[in-house]
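Just so we're aligned, residue 106 is where the sequence shown starts under my numbering, counting upward by one.
Working notes, structure below.
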Amino acid sequence: MAEPLTREALATLFTAARTHNGWQDKPVTDAQLQEVYQLLRMGPTSANCSPARFFFVRSAAGKEKLKPSLSSGNLEKTLSAPVTAIVAWDPRFYDALPTLFPHGDARSWFTSSAELAEETAFRNSSLQAAYLIAACRALGLDTGPMSGFDRASVDHAFFAENGWKSNLLINIGYGDSSKVYARLPRLDFNHACLLG
Numbered sequence: 106m107a108e109p110l111t112r113e114a115l116a117t118l119f120t121a122a123r124t125h126n127g128w129q130d131k132p133v134t135d136a137q138l139q140e141v142y143q144l145l146r147m148g149p150t151s152a153n154c155s156p157a158r159f160f161f162v163r164s165a166a167g168k169e170k171l172k173p174s175l176s177s178g179n180l181e182k183t184l185s186a187p188v189t190a191i192v193a194w195d196p197r198f199y200d201a202l203p204t205l206f207p208h209g210d211a212r213s214w215f216t217s218s219a220e221l222a223e224e225t226a227f228r229n230s231s232l233q234a235a236y237l238i239a240a241c242r243a244l245g246l247d248t249g250p251m252s253g254f255d256r257a258s259v260d261h262a263f264f265a266e267n268g269w270k271s272n273l274l275i276n277i278g279y280g281d282s283s284k285v286y287a288r289l290p291r292l293d294f295n296h297a298c299l300l301g
């Protein structure tokens with residue numbers, strides 16, 4: 106059984122971690138992104154389906170390609186971020202299930218129901234996006250997850266050839282603490298939880 110994390114580790118992952126809106130002029134390396142992925146891919150998904158796909162937008166050309174899809178409120182913080190991860194999902198994620206879930210014919214669960222496949226892919230890619238945030242924080246990077254973009258436009262610009270579908274965007278880098286908003290309230294246990 107795993108030991109509980111230290112208070113310092115919990116602070117890094119949750120209690121002191123913040124959503125960042127501004128960025129230091131400090132690059133994120135390919136090696137760092139690969140290390141982030143090596144961690145996040147270990148998080149559980151249903152039937153180990155792992156439907157998330159990640160496009161790490163880093164170049165000026167990539168940012169220009171992304172720019173028309175962004176809402177005005179997300180423009181500056183995204184264009185200034187060292188990396189913007191487009192977290193997407195592969196509609197044909199189930200093709201990898203014979204390798205990822207060899208215990209049975211899990212592929213047929215999804216090929217027989219397009220609705221179930223889409224629901225599973227969206228839900229589990231959202232879960233994997235959370236793993237990406239946790240992995241970044243664990244490795245000393247800051248994040249700024251967001252909606253506020255035109256999904257169809259992103260899909261056309263970035264995924265026309267492979268058919269992936271965008272879910273959300275996550276800016277990644279070293280946050281500028283002067284641009285962090287005051288901590289907003291959270292719902293307490295009795296408001297958000299039931300015990301049965």
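We put the CB at the ideal spot given by N, CA and C, even for glycine.
Fair warning: this is a prediction, and the values are worked out from it, not measured in the lab.
Looking at the structure shown, is Gly-167 part of a helix, part of a strand, or coil, going by DSSP?
Three-state result, Gly-167: helix.
Using alpha carbons as the reference points, say which of Gly-245, Cys-298, Ala-265 and Ser-271 lies closest to Pro-132.
Gly-245
If you draw a straight line from the alpha carbon of Ser-185 to that of Pro-156, how long is it in whole angstroms?
28 angstroms
Give a yes or no on whether the C-beta atoms belonging to Ala-211 and Leu-221 are separated by under 7 angstroms.
no
Would you be able to state if there are at least three C-beta pairs under 8 angstroms between the segment 222-237 and the segment 168-178?
no
Per-residue DSSP class, three states only, for Asp-247:
strand
Look up Gly-280 in the DSSP assignment and give the residues it is bridged to.
Looking at the DSSP output, Gly-280 bridges to Trp-128.
Here's a check: name, in chain order, each residue in its chain whose Cβ is nearer than 7 angstroms to the Cβ of Glu-177, leaving out the five neighbours to either side.
Before going on, a small fix: residue 177 reads as Ser here, not Glu. No residues qualify anywhere along the chain.
Rounded to whole angstroms, how far is the Cβ of Tyr-199 from the Cβ of Phe-215, which I believe are closer than 8 angstroms?
4 angstroms
Are the CB atoms of Arg-242 and Leu-118 nearer to each other than 7 angstroms?
yes
Please go through the same chain and pick out, in chain order, the residues whose beta-carbon is closer than 8 angstroms to the beta-carbon of Val-188, but skip the five residues on each side of it.
Taking Val-188 as the centre and dropping the five residues before and after it, the same chain places the C-beta of Val-133, Leu-138, Phe-161, Val-162, Arg-163, Asn-276, Ile-277 and Gly-278 closer than 8 angstroms to its C-beta, in chain order.
Three-state secondary structure (DSSP) of Ser-271
The three-state secondary structure of Ser-271, taken from DSSP, is strand.
Grab the span of the beta strand (DSSP E) containing Phe-215 for me, first residue to last.
Here Phe-215 belongs to no beta strand (DSSP E); instead the alpha helix (DSSP H) covers 212-216.
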